[in-house]
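Per this note's numbering: the sequence shown = residues 19 to 338. One structure is given here, and the rest of the page talks about it.
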Amino acid sequence: MSETNLSAKEVALKKQNTMRLVRALLPIVGLIAIFALFSFLTNGRLITRLPLAMSTVYVIMISAMGVFFIMTVGGLDFSQGSILGLSAIVVCYVSRYSIELSILAGIVTGAAIGAVNGYFYVNRKIKSFIVTICTMFLFRGLIKFLTTEAPVAGSPMLVMWDTTAFKVSATVIVVLIGFICFNFTKFGIYLRAIGAGERAAMFAGIRTDRIKFLVYVLSGAITGFAAFISAIKIGSVTSNGGNQLETQILIALVLGGMPISGGAMARFYNVIVGSLLYVVLTSGLTMMGFSTQMMQLIQGVVFLAFVAIFADRQSLTVIK
Numbered sequence: 019m020s021e022t023n024l025s026a027k028e029v030a031l032k033k034q035n036t037m038r039l040v041r042a043l044l045p046i047v048g049l050i051a052i053f054a055l056f057s058f059l060t061n062g063r064l065i066t067r068l069p070l071a072m073s074t075v076y077v078i079m080i081s082a083m084g085v086f087f088i089m090t091v092g093g094l095d096f097s098q099g100s101i102l103g104l105s106a107i108v109v110c111y112v113s114r115y116s117i118e119l120s121i122l123a124g125i126v127t128g129a130a131i132g133a134v135n136g137y138f139y140v141n142r143k144i145k146s147f148i149v150t151i152c153t154m155f156l157f158r159g160l161i162k163f164l165t166t167e168a169p170v171a172g173s174p175m176l177v178m179w180d181t182t183a184f185k186v187s188a189t190v191i192v193v194l195i196g197f198i199c200f201n202f203t204k205f206g207i208y209l210r211a212i213g214a215g216e217r218a219a220m221f222a223g224i225r226t227d228r229i230k231f232l233v234y235v236l237s238g239a240i241t242g243f244a245a246f247i248s249a250i251k252i253g254s255v256t257s258n259g260g261n262q263l264e265t266q267i268l269i270a271l272v273l274g275g276m277p278i279s280g281g282a283m284a285r286f287y288n289v290i291v292g293s294l295l296y297v298v299l300t301s302g303l304t305m306m307g308f309s310t311q312m313m314q315l316i317q318g319v320v321f322l323a324f325v326a327i328f329a330d331r332q333s334l335t336v337i338k
């Protein structure tokens, strides 16, 4: 009887290890496979137009890093698009006086909105997805109000910052700092501990409420910086500024292997691989001439498949 139980445990352990390996390799293999597939189907146009295709990855990757931290602790944030749009408006206004100061203004604006999210989530004990959906609509309305008559234009010098060298350097620096903080500091340990079990983390002496609040502030600040990267592209912001960014980020993270429930299974490469995979998938479908509706359908199917694969079913009952 004991041998039978031992054999069953070994089989279960092997199955668990196999699934863990599949979850770790699938995003990377998927990125390579999708890139190769679309390169073939577009007769190499995806490769020749790669710099243009990658022009959208900077904002998504930077913003996704902040949401990655939030999802690691088990939270969600649907207000990222509104944070980006409103922060970009502030960037444009302040850039008329100082470009350098506009970067700081965007970060502060994003952090302030993140603090609003964090306050209602942590102090008022409202579910994160409810809070951020409310702030999404609130600040989206403010964006539309501020851009009613015309797009908000920044300094003519703003577009001079729109160089590949600057955007690549800024993205690499931000992502590298995030990687170090998540993997080699107590900050990352605390995030994973809270996501794996908040009550246990509290008993271990971690100030969970403080960490969760700071994560939302940090995420907002990161997206505020991404707003500067977004604003320098055309030097102005329309009523659609940041529209659908939250959806793009969520799809990118899940494609990168991020479990919705967060916790100890979160890996920082989810941000990088997921952002690249999303941009390659979107660019490939666009170059093949798919309509917007068909692209959304395909993205939805792929998204659902990855959610099913990477879902931690033991933690999905807890939505924070």
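Here a beta-carbon is modelled for each residue, glycine too, at the ideal position from N, C-alpha and C. Source: prediction; values computed, not measured.
Practice task
Using three-state DSSP, classify residue 359 as helix, strand or coil.
Solution key: Outside the displayed range of the chain (19 to 338) lies residue 359, so it cannot be described from this structure.
Practice task
Compare the beta carbon distance of residue 254 and residue 172 with 9 Å and say whether it is the shorter of the two.
Solution key: yes
Handout entry: Among 306, 192, 314 and 294, the one whose alpha carbon lies nearest that of residue 72
Key = 294
Problem - Beta-carbon spacing of residue 4, residue 312 below 9 Å - result: With the chain covering 19 to 338 only, the question about residue 4 has no answer from this structure.
Handout entry: N-terminal and C-terminal residue of the alpha helix (DSSP H) that residue 176 is part of
Key = No alpha helix (DSSP H) holds residue 176; DSSP gives it neither H nor E.
Practice task
Kindly identify the DSSP beta-bridge partner or partners of residue 254.
Solution key: 171
Handout entry: Which listed residue (146, 174 and 112) has its alpha carbon closest to that of residue 127
Key = 112
Handout entry: Unbroken alpha helix (DSSP H) run spanning residue 296, endpoints
Key = 287-305
Problem - Under 9 Å between C-beta atoms of residue 325 and residue 213 - result: no
Practice task
Would you mind sorting residue 318 into buried or exposed? The rule is 16 or more other CB atoms within 10 Å of its CB.
Solution key: exposed
Practice task
Under 7 Å Cβ to Cβ from residue 46, same chain only, skipping five residues before and after it: list those, please.
Solution key: 291
Practice task
Compare the Cα-Cα distances from residue 263 to each of 82, 31, 53 and 70 and report the closest residue.
Solution key: 82
Practice task
Within the region 118-149, note down every full alpha helix (DSSP H) run reaching 4 residues or more, in order along the chain.
Solution key: none
Exercise for the section: Return the Cβ separation of residue 247 and residue 80 in integer angstroms, given the expectation that the two are a contact with Cβ distance under 8 Å. Expected result: 7 Å
Practice task
Look at the alpha carbon of residue 27 and the alpha carbon of residue 87, and state the distance between them as a whole number of angstroms.
Solution key: 34 Å
Problem - Alpha carbon of residue 280 to alpha carbon of residue 316, nearest angstrom - result: 25 Å
Exercise for the section: Give the secondary structure of residue 308 by DSSP, where H, G and I count as helix, E and B as strand, and everything else as coil. Expected result: coil
Practice task
Classify residue 266 as buried or exposed, calling it buried when 16 or more other Cβ atoms lie within 10 Å of its own Cβ.
Solution key: buried
Practice task
Could you pull out every unbroken alpha helix (DSSP H) segment of at least 4 residues lying fully inside the region 198-262, listed in chain order?
Solution key: 204-214, 216-221 and 226-252
Handout entry: Residue span of the alpha helix (DSSP H) that contains residue 71, given as start and end
Key = 68-71
Handout entry: Contact check, residue 344 vs residue 75, beta carbons under 9 Å
Key = Here the chain covers residues 19 to 338 and nothing more, so residue 344 does not appear.
Exercise for the section: Round the Cβ separation of residue 289 and residue 271 to the nearest angstrom and send it over; I've been treating them as touching at under 8 Å. Expected result: 7 Å
Exercise for the section: Classify residue 113 as helix, strand or coil using the three-state DSSP reduction. Expected result: helix
Practice task
Return the CA-CA distance between residue 62 and residue 202, expressed in angstroms with no decimal places.
Solution key: 40 Å
Handout entry: Nearest-angstrom beta carbon gap, residue 209 and residue 84 [assumed within contact, 8 Å]
Key = Wrong, their Cβ atoms sit about 12 Å apart, outside the cutoff.
Handout entry: Simplified DSSP state of residue 91, which is helix, strand or coil
Key = coil
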